[in-house]
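Take a look at the structure below.
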Amino acid sequence: MFSNQIAVILGESVGRGFSFPPINTILRWKDVVPGINKVVIIAILSALIGTMLFLVASLKDGRKAPKGSRNLAEIIVEFVEKNIIMETMGKSGMGWTPFLLTMFVFIYLCNLPGIIPFIQMPATARMGIPAFMALLVWVVFNATGIKHQGLFGYFKNVLFPPGVPKALYILVTPIELISTLVVRPFSLAVRLFANMLAGHLLLVIFALLTQSLIQAETQRFFLVPIGILPFALLIFLTGFEILVAFLQAYIFTVLTAVYIGGATHPEH
Amino acid sequence: MRVHVTTLQGGLVQVRVAAETAEGGTEASAAETTGPNPIAPESKELIWGAGSFLVFLVIMRVFLFPRIKKGMDARYNGIREDFESADSTRSAAKSDVSKYEAEIATVRSEAAARVDKARQTLDQERSSKIAEANARIATKRAAAEAELEAARNAVRDQVAAAVASVTEHTTQLAVGKSPDASVVQKAVQQVMQTGARS
Amino acid sequence: MEALTRIAHASIRVAAELTPAEAKANAAAQMAGLAYGLAAIGPGIGIGMIFGKAIEAMARQPESAGMVRTTMFLGVAFTEALALIGFVAFILLKFA
Numbered sequence: 014m015f016s017n018q019i020a021v022i023l024g025e026s027v028g029r030g031f032s033f034p035p036i037n038t039i040l041r042w043k044d045v046v047p048g049i050n051k052v053v054i055i056a057i058l059s060a061l062i063g064t065m066l067f068l069v070a071s072l073k074d075g076r077k078a079p080k081g082s083r084n085l086a087e088i089i090v091e092f093v094e095k096n097i098i099m100e101t102m103g104k105s106g107m108g109w110t111p112f113l114l115t116m117f118v119f120i121y122l123c124n125l126p127g128i129i130p131f132i133q134m135p136a137t138a139r140m141g142i143p144a145f146m147a148l149l150v151w152v153v154f155n156a157t158g159i160k161h162q163g164l165f166g167y168f169k170n171v172l173f174p175p176g177v178p179k180a181l182y183i184l185v186t187p188i189e190l191i192s193t194l195v196v197r198p199f200s201l202a203v204r205l206f207a208n209m210l211a212g213h214l215l216l217v218i219f220a221l222l223t224q225s226l227i228q229a230e231t232q233r234f235f236l237v238p239i240g241i242l243p244f245a246l247l248i249f250l251t252g253f254e255i256l257v258a259f260l261q262a263y264i265f266t267v268l269t270a271v272y273i274g275g276a277t278h279p280e281h
Numbered sequence: 300m301r302v303h304v305t306t307l308q309g310g311l312v313q314v315r316v317a318a319e320t321a322e323g324g325t326e327a328s329a330a331e332t333t334g335p336n337p338i339a340p341e342s343k344e345l346i347w348g349a350g351s352f353l354v355f356l357v358i359m360r361v362f363l364f365p366r367i368k369k370g371m372d373a374r375y376n377g378i379r380e381d382f383e384s385a386d387s388t389r390s391a392a393k394s395d396v397s398k399y400e401a402e403i404a405t406v407r408s409e410a411a412a413r414v415d416k417a418r419q420t421l422d423q424e425r426s427s428k429i430a431e432a433n434a435r436i437a438t439k440r441a442a443a444e445a446e447l448e449a450a451r452n453a454v455r456d457q458v459a460a461a462v463a464s465v466t467e468h469t470t471q472l473a474v475g476k477s478p479d480a481s482v483v484q485k486a487v488q489q490v491m492q493t494g495a496r497s
Numbered sequence: 029m030e031a032l033t034r035i036a037h038a039s040i041r042v043a044a045e046l047t048p049a050e051a052k053a054n055a056a057a058q059m060a061g062l063a064y065g066l067a068a069i070g071p072g073i074g075i076g077m078i079f080g081k082a083i084e085a086m087a088r089q090p091e092s093a094g095m096v097r098t099t100m101f102l103g104v105a106f107t108e109a110l111a112l113i114g115f116v117a118f119i120l121l122k123f124a
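Protein chains in written order, with the working numbering: chain C, 14 to 281; chain R, 300 to 497; chain X, 29 to 124.
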């Protein structure tokens, strides 16, 4: 709209040059089959690939030295146990390994299509999956807290954290109520979603810039070589997105572990 | 009907006419608001994502994870047992080595004692033999000295007799009578003693 | 300079012929950029400080590097959330 009008007034015809498409054409995918679009397919494939990996791994003999898929699966399991659970919950949190492991693998596999050529759509760049995961985490850590400390004890620990002067409870209690029950799931969902969406938009912008420079109609001798620059940045950002995909899955899982650990063992 | 009148660059007047229907109000920004908010979760994505995650979670929790964990635990326990057996073997080997070393030490001390004893007996033998030899040498020397003394005495007696006879003879020649033998002998002895002394 | 004045004239002319909805969309787009720019200042400084301190701590006590790294990522996650809320505000202002 706005940019097109500027283009018209500056004496350029619409459609030439660089123009960012409406965001819904980037993010909203048409249904392949009614009720199933690309994001849905990616989510289902993530679950399927994760299941296949661990299925193939579990069918091998665990007593021999691991290799191939078994090795990969055990590396992931050990990563979750050592770097996520032991660092946040300690040894008593080992029972949560399957939940956190599944969560980590699923989110990572949903993030990863953002950088796979010709797919290039992270399923977590749509709000659906992050919102569900955050809601699930919210339910799980509250249920854990109620189960371990009782309904009254849990909410007493959440709303009236021990070690705070009594007069400060006027200030602390509303903050704790909002931060635990509202901000936690909200920030958990928004963090994952916004990181992946921002990465996706960055890749889209640089891909479009490269395309429009290389397909320039005027001053080709000058504009086409310049097109290498955004392309190089596109490659670099794709590598960066691999890191972000991993990091966001890790952070989501670590925060889940921290919330569950905090609900299991209240601060004294 | 709704009419927009905009003044552009002084005199130019632009007139826009828009149909004032129900959809008319949103027509201007139709392209950017097609479909819902880009941030709002889409129900089909939410439901399918939730379903696939929950199925994945149940499969992992019930079937796959226990199998993998069992294999890992079995292997780790095997490795730990191996470590433990290696530790016990190592300690056994260490005790063997210490026993062996103790044996070596006792043998060595025994050998040292034996060597000391041998050295002592050897020393004793040597000193006794040396003493024996010394005694033999001393007796031999004493015998030789006694022989020498006897020979010297015999020679001295002969010399004394010869001197006495010479003295008697010369006295007889000078005085004409032979002197008393005991006096001569006494004198000779006195002279010889002074001569031997000087 | 001339290009700037040209763009300024153009935007004045654009503003002059805009319908109210379009004017609102324009203001929203400008505000969106401003909102995200402002939202990114604080978290930028904060994440820099977190990483710097974490590196200091790891250099001083390499044996506690694992714990420091986990805590560092937690801190980064909380700080980064502010910038991401700014980004979401950007998307909401610009496209919704």
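Yeah, the Cβ is synthetic: ideal placement off N, Cα and C, and Gly gets one too.
Could you check which residue in X:Ser92, X:Met100, X:Ala109, X:Pro90 has the C-alpha nearest to that of X:Met77?
Along the third sequence, read from residue 1 onward, the residue named residue 77 of chain X stands at position 49. X:Met77 has its Cα closest to that of X:Met100, out of X:Ser92, X:Met100, X:Ala109, X:Pro90.
| Counting Cβ pairs, one atom from each stretch, are 3 or more of them under 8 Å apart for the region 217-227 of chain C and the region 192-201 of chain C? | no
- [ ] May I ask you to report which of helix, strand or coil DSSP gives R:Ile338?
- [x] In the second sequence, residue 338 of chain R corresponds to position 39, counting from 1. Coil.
Measuring straight from C-alpha to C-alpha, what distance separates C:Arg233 and C:Gly240?
Working through the first sequence from its first residue, we reach residue 233 of chain C at position 220. Working through the first sequence from its first residue, we reach residue 240 of chain C at position 227. Cα to Cα, the separation comes out at about 10 Å.
ask   = Are the C-beta of C:Thr38 and some C-beta of chain X separated by less than 8 Å?
value = Start at 1 with the first residue of the first sequence, and residue 38 of chain C comes out as number 25. No, because no Cβ of chain X sits closer than 8 Å to the Cβ of C:Thr38.
Hey, does R:Arg379 have any beta-carbon neighbour from chain C nearer than 8 Å?
-> Counting from 1 along the second sequence, the entry for residue 379 of chain R is found at position 80. With 8 Å as the cut-off, R:Arg379 does not count as an interface residue toward chain C.
| query | Which two residues bound the contiguous alpha helix (DSSP H) that contains X:Met95? | reply | Walking along the third sequence from the start, residue 95 of chain X turns up at place 67. Looking at the DSSP string, the run of the alpha helix (DSSP H) that includes X:Met95 is 93-123.
Inset, instruction - Mark C:Gln228 as exposed unless 16 or more other C-beta atoms lie within 10 angstroms of its C-beta, in which case mark it buried. - result: One-based indexing of the first sequence puts residue 228 of chain C at position 215. Exposed is the call here.
Between which residues of its own chain and C:Ile49 is the CB-CB distance below 7 Å, once the five residues before and five after are set aside? As a working mapping, residue 49 of chain C is identified with position 36 in the first sequence. Taken in chain order, the list of residues that qualify is empty.
Quiz item: Going along the chain, which residues of the region 253-273 of chain C sit with their C-beta nearer than 8 Å to a C-beta in chain X?
Solution: Leu260, Tyr263, Ile264, Val267, Leu268, Val271
> Based on the DSSP output, what are the partners of C:Val46 in its beta bridges?
Replying inline: One-based indexing of the first sequence puts residue 46 of chain C at position 33. C:Ile49.
**Asked** Count the other CB atoms within 10 Å of the CB of C:Leu283; is the residue buried (16 or more) or exposed (fewer)?
**Response** Chain C is shown only over 14 to 281; residue 283 of chain C falls outside these bounds and no answer can be derived.
If we cut at 8 Å on Cβ distances, does X:Met86 have a partner in chain C? On the third sequence, position 58 is the one that residue 86 of chain X refers to. False, the Cβ-Cβ gap to chain C never drops below 8 Å.
- Who are the neighbours of R:Pro340 on chain X, taking C-beta pairs under 9 Å? Counted from its first residue, the second sequence places residue 340 of chain R at position 41. Result: empty, since nearest Cβ-Cβ is about 13 Å, beyond 9 Å.
- Task: Flag R:Ala337 as yes if its beta-carbon sits less than 8 Å from any beta-carbon of chain X, otherwise no.
- Result: For the purposes of this step, residue 337 of chain R is taken as the residue at position 38 of the second sequence. Sequence inspection shows Pro at residue 337 of chain R; the Ala mentioned does not correspond to that position. Judged by the 8 Å Cβ criterion, R:Pro337 is in contact with chain X.
Length of the line joining the Cα atoms of X:Leu32 and X:Gly61:
For the purposes of this step, residue 32 of chain X is taken as the residue at position 4 of the third sequence. For the purposes of this step, residue 61 of chain X is taken as the residue at position 33 of the third sequence. Roughly 19 Å between the two C-alpha positions.
List the residues of chain X whose Cβ lies closer than 8 Å to the Cβ of C:Arg204, in chain order.
For this step, residue 204 of chain C is matched to residue 191 along the first sequence. By Cβ distance, chain X contributes Ala105, Glu108, Ala109, Leu112.
What are the start and end residues of the alpha helix (DSSP H) that includes C:Arg139?
Here residue 139 of chain C refers to the residue found at position 126 of the first sequence. It is not in any alpha helix (DSSP H) - C:Arg139 carries neither H nor E in the DSSP assignment.
Alpha carbon to alpha carbon, how far is X:Ile35 from X:Glu45?
Translated into positions along the third sequence, residue 35 of chain X becomes position 7. Translated into positions along the third sequence, residue 45 of chain X becomes position 17. When rounded, the distance between both Cα atoms is 15 Å.
Taking all protein chains shown into account, decide if R:Ala385 is buried (16 or more other Cβ within 10 angstroms of its Cβ) or exposed.
One-based indexing of the second sequence puts residue 385 of chain R at position 86. Looking at its Cβ environment, which holds fewer than 16 other Cβ atoms inside 10 Å, R:Ala385 is exposed.
Between R:Trp347 and C:Val150, how many whole angstroms is the CB-CB distance? I'm expecting something under 8 Å. On the second sequence, residue 347 of chain R is found 48 positions in, with the first residue counted as 1. On the first sequence, residue 150 of chain C is found 137 positions in, with the first residue counted as 1. Going by Cβ atoms, the distance from R:Trp347 to C:Val150 rounds to 19 Å, so no, they are not a contact pair.
Report task. With DSSP collapsed to three states, give me the class of C:Ser32. Result -> Within the first sequence, the letter at position 19 stands for residue 32 of chain C. Coil, per DSSP.
Taking CB distances under 8 Å as the criterion, tell me whether R:Ala349 reaches chain C. By 1-based counting over the second sequence, the position of residue 349 of chain R is 50. Chain C contact via Cβ: present.
- Item | Closest residue to C:Arg76 among R:Asp456, R:Arg379, R:Arg360, R:Ala417 (Cα-Cα distance) | Here residue 76 of chain C refers to the residue found at position 63 when the first sequence is read from its first residue. Considering only alpha carbons, the answer is R:Arg379.
> What does a CB cutoff of less than 8 Å around C:Glu94 pick up in its chain, not counting 5 residues either side in sequence?
Replying inline: Here residue 94 of chain C refers to the residue found at position 81 of the first sequence. Excluding residues within five positions, the ones whose Cβ falls inside 8 Å are Met107, Thr110.
Practice prompt. Go through the region 191-219 of chain C residue by residue and report every complete run of the alpha helix (DSSP H) that reaches 4 residues or more, in order.
Written response: none
Original post:
Between R:Phe382 and chain C, is there a C-beta pair that is closer than 8 Å?
Top reply: Walking along the second sequence from the start, residue 382 of chain R turns up at place 83. No - not a single Cβ of chain C is within 8 Å of the one on R:Phe382.
If we count the other Cβ atoms within 10 Å of its Cβ and call it buried at 16 or more, is C:Gly212 buried or exposed?
Numbered from 1 along the first sequence, position 199 holds the residue referred to as residue 212 of chain C. Answer is buried; the Cβ neighbour count reaches 16.
Note to self: Please state whether the Cβ-Cβ distance between C:Leu114 and C:Ala258 is less than 8 Å.
What the structure shows: The residue given as residue 114 of chain C occupies position 101 in the first sequence. The residue given as residue 258 of chain C occupies position 245 in the first sequence. Cβ distance not < 8 Å, so C:Leu114 and C:Ala258 don't count as in contact.
**OP:** Go through its chain and collect everything with a Cβ distance to R:Met491's Cβ below 8 Å, but skip five positions before and after it.
**Re:** As a first step, residue 491 of chain R is located in the second sequence; it is residue number 192 there, counting from the start. Once the five neighbours on either side are set aside, the close Cβ partners of R:Met491 are Arg455, Val458, Ala459, Val462.
**Asked** Roughly how many whole angstroms lie between the Cα atoms of R:Lys428 and R:Arg413?
**Response** Numbered from its first residue, the second sequence carries residue 428 of chain R at position 129. Numbered from its first residue, the second sequence carries residue 413 of chain R at position 114. Cα to Cα, the separation comes out at about 22 Å.
So with CB distances below 9 Å, who are the chain C contacts of R:Ala373?
Indexing the second sequence from 1 puts residue 373 of chain R at position 74. Neighbours of R:Ala373 on chain C, chain order: Gly75, Arg76.
Extent of the continuous alpha helix (DSSP H) to which R:Asn376 belongs:
Sequence index remark: in the second sequence, residue 376 of chain R carries index 77 (1-based). 364-474 is the span of the alpha helix (DSSP H), which, as asked, contains R:Asn376.
Residues of chain R with CB closer than 8 Å to the CB of X:Leu120, please, in chain order.
Indexing the third sequence from 1 puts residue 120 of chain X at position 92. Going along chain R in sequence order, the residues near X:Leu120 (Cβ under 8 Å) are Asn336, Ile338.
>> Measuring only the C-alpha atoms, how far is R:Ala486 from R:Thr438?
In response: If you number the second sequence from 1, residue 486 of chain R lands on position 187. If you number the second sequence from 1, residue 438 of chain R lands on position 139. About 37 Å.
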